[in-house]
Amino acid sequence: GAVVSQHPSWVICKSGTSVKIECRSLDFQATTMFWYRQFPKQSLMLMATSNEGSKATYEQGVEKDKFLINHASLTLSTLTVTSAHPEDSSFYICSARQASPGYGYTFGSGTRLTVV
Amino acid sequence: GENVEQHPSTLSVQEGDSAVIKCTYSDSASNYFPWYKQELGKGPQLIIDIRSNVGEKKDQRIAVTLNKTAKHFSLHITETQPEDSAVYFCAAPNYGQNFVFGPGTRLSVLP
Numbered sequence: 001g002a003v004v005s006q007h008p009s010w011v012i013c014k015s016g017t018s019v020k021i022e023c024r025s026l027d028f029q030a031t032t033m034f035w036y037r038q039f040p041k042q043s044l045m046l047m048a049t050s051n052e053g054s055k056a057t058y059e060q061g062v063e064k065d066k067f068l069i070n071h072a073s074l075t076l077s078t079l080t081v082t083s084a085h086p087e088d089s090s091f092y093i094c095s096a097r098q099a100s101p102g103y104g105y106t107f108g109s110g111t112r113l114t115v116v
Numbered sequence: 117g118e119n120v121e122q123h124p125s126t127l128s129v130q131e132g133d134s135a136v137i138k139c140t141y142s143d144s145a146s147n148y149f150p151w152y153k154q155e156l157g158k159g160p161q162l163i164i165d166i167r168s169n170v171g172e173k174k175d176q177r178i179a180v181t182l183n184k185t186a187k188h189f190s191l192h193i194t195e196t197q198p199e200d201s202a203v204y205f206c207a208a209p210n211y212g213q214n215f216v217f218g219p220g221t222r223l224s225v226l227p
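Here it is, written out as structure tokens:
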């Protein structure tokens with residue numbers, strides 16, 4: 001089946017530094033990938049839609065200059081949290097939409113970011 | 117956009133009993149409804165899905181039913197086991213693009 005690989009699985013960084021998270025579709029091409037954020041005991045909230053070769057579309061309230069998304073190829077999207085602060089600590093999850101046979105999403109395993 | 121509600125928020129059942137989680141959606145044009153299971157510290161995993169042209173789908177101990185008229189769909193887990201303990205999310209399409217997730221149900225299966 002479709003597999004999405006996300007790295008790193010966890011990361012601890014100091015306030016003010018930047019962190020990059022990678023999301024790769026291993027056995028299918030994904031023209032669109034999605035980035036979600038999940039705070040403890042809450043549901044997944046869409047942050048942005050990443051389209052290969054074009055600018056990402058951000059949801060209302062998500063700072064595009066803080067959460068940089070790059071989708072340079074059909075199998076890789078990256079999320080960079082710039083100048084991270086403790087309030088950015090969260091669980092970040094990517095997913096890729098399968099073009100065929102249906103509308104299903106495949107999720108990555110998630111990245112737990114802790115900013116200290 | 118699509119609005120998805122999910123109940124109950126927490127559910128505790130005895131091992132071997134059945135568990136039912138219900139979701140409602142707002143967009144009558146939605147036609148695909150997945151269910152995800154998320155274990156602690158991991159990403160969500162698709163466990164079952166249903167399209168609007170069928171009313172029920174079953175995969176071993178897991179089943180999903182869909183009532184398009186009432187705009188609700190439910191997850192049914194029979195003969196629950198401790199490893200079924202997790203958070204379950206339903207989802208519905210948002211204008212056919214991304215998905216909107218329900219708030220989640222924390223299922224605890226008590227031995």
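So the sequence lines, in the order shown, correspond to chains A and B.
Take the first sequence: its position 36, counted from the start at 1, is 36 in our numbering, and no numbers get skipped.
Offset between the second sequence (1-based) and our numbering: plus 116.
Think of the CB as a built atom: it goes at the ideal place given N, C-alpha and C, for glycine as much as any other residue.
Predicted, not measured: the structure shown is a model, and the values here were computed from it.
R183 (chain B): contacting residues in chain A (beta-carbon distance under 7 Å): Just to set this straight, residue 183 (chain B) is Asn in the shown sequence, not Arg. Within chain A, no residue has its CB atom less than 7 Å from the CB of N183 (chain B), the nearest being about 20 Å off.
Short CB-CB distance (under 8 Å) between P124 (chain B) and chain A: False, the Cβ-Cβ gap to chain A never drops below 8 Å.
Under the three-state DSSP convention, the category P198 (chain B) falls into: Helix at P198 (chain B).
Collapsed DSSP secondary structure at P227 (chain B) in the structure displayed: Looking at P227 (chain B) - three-state DSSP - the assignment turns out to be coil, as it is neither helix nor strand.
Length of the line joining the Cα atoms of Y36 (chain A) and E59 (chain A): Using only the alpha carbons, I get a separation of about 10 Å.
N-terminal and C-terminal residue of the beta strand (DSSP E) that F91 (chain A) is part of: Taken as a continuous stretch (DSSP letters only), the beta strand (DSSP E) holding F91 (chain A) covers S90 to R97.
Spatial distance of H188 (chain B) from A2 (chain A) (CA atoms): Roughly 28 Å separates the two Cα atoms.
Distance between beta carbons of P124 (chain B) and A207 (chain B), contact taken as under 8 Å: A207 (chain B) to P124 (chain B), Cβ: 17 Å. No contact.
8 Å Cβ cutoff, R112 (chain A) in contact with chain B: At least one chain B Cβ lies under 8 Å of R112 (chain A).
Which residues DSSP lists as bridging Y36 (chain A), in chain order: Under DSSP, the beta-bridge partners assigned to Y36 (chain A) are A:L46 and A:I93.
Closer than 7 Å at the beta carbon, the chain A residues around K158 (chain B): Within 7 Å of the CB of K158 (chain B), the CB atoms of chain A belong to S109 and G110, in sequence order along the chain.
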